[in-house]
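The structure appears right after this line, and notes come after that.
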Amino acid sequence: GAGVSQSPSNKVTEKGKDVELRCDPISGHTALYWYRQSLGQGLEFLIYFQGNSAPDKSGLPSDRFSAERTGGSVSTLTIQRTQQEDSAVYLCASSLAPGHVYGYTFGSGTRLTVV
Amino acid sequence: DQQVKQNSPSLSVQEGRISILNCDYTNSMFDYFLWYKKYPAEGPTFLISISSIKDKNEDGRFTVFLNKSAKHLSLHIVPSQPGDSAVYFCAASAQTGANNLFFGTGTRLTVIP
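First to last, the sequence lines map onto chains G and L.
This note's numbering puts the last residue of the first sequence at 115; the count rises by one with no breaks.
This note's numbering puts the last residue of the second sequence at 113; the count rises by one with no breaks.
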């Protein structure tokens, strides 16, 4: 597609349930990033994928969070046993190449609400 | 630890006047800086960037200034237009090391017609 597509756009889940968030990056973009924005906070880096390299998971806040990227394209962010503090907007971005030079193209995000 | 800081959560400006959004950073390894603009229910979109080898970059109504010694950058919008009303994020990265951008908390700009 023309842009980065994320689904669902909104997700309400009960505390303790698992959720999966999907990101479909721009075709040909080798780099893919997940960020989240909690209320009143900046964008917090979660994880980065570049081609077939091992992902940079340094931003994942706990082992309840995991992500994969299949075939170098679609990525899924999974949060297990969700907690209320997981409520945030989860943003996916892709880039033509790693790093900042080309900038990121962000999706519209998934607003996750844990009740 | 917030390495990129935007200390003004909001700013209101009259249409036609200048908007100045500020950003401070703490990591001296940062050498590339970007501004993103975000409308409600949309992802941030890239606006303008500057490398640390420059102190100014201009693109139409938007100019970014970088003061490396003060670890400070600013975004100037002139003249401001109602369509500029959005949340503006400052971001920074290092050419080596980190694979990601570090973002500030954003400043909500409201341009009053």
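Backbone N, C-alpha and C define an ideal beta-carbon position, used for all residues, glycine too.
Unbroken beta strand (DSSP E) run spanning V64(L), endpoints = 62-67
First and last residue of the uninterrupted beta strand (DSSP E) at D24(G) = 19-24
inquiry  = Please state whether the Cβ-Cβ distance between Y35(G) and L43(G) is less than 7 Å.
reply    = yes
ask   = For chain L, is any of its Cβ atoms less than 7 Å away from the one on F106(G)?
value = yes
query = For T63(L), which of S28(L), D1(L), L21(L), A41(L) has the nearest alpha-carbon?
reply = L21(L)
Sub-7 Å separation of I79(G) and L60(G) beta-carbons = no
key: Where the beta strand (DSSP E) containing L112(G) begins and where it ends   = 110-114
request  = Please go through the stretch 11-88 of chain L and give each complete beta strand (DSSP E) segment of 3 or more residues, from N-terminal end onward.
outcome  = 19-25, 32-38, 45-51, 56-59, 62-67, 72-77
message = With a threshold of 7 Å on Cβ separation, who are the neighbours of R22(G) within its own chain once the five nearest residues in sequence on each side are excluded?
response = Q6, S7, V74, T76
Cβ-Cβ distance between Y32(L) and F89(L) below 7 Å = no
key: Where K54(L) falls, given that 16 or more other Cβ within 10 Å makes a residue buried   = exposed
query = Roughly how many whole angstroms lie between the Cα atoms of G97(L) and P113(L)?
reply = Residue placement at G97(L) is flagged as unreliable, the pLDDT there being 49, under the threshold of 50; a coordinate-derived value is accordingly withheld.
message = Please state the DSSP three-state secondary structure of D86(G).
response = helix
request  = Could you tell me the distance, in whole angstroms, from the CA atom of R17(L) to the CA atom of P79(L)?
outcome  = 5 Å
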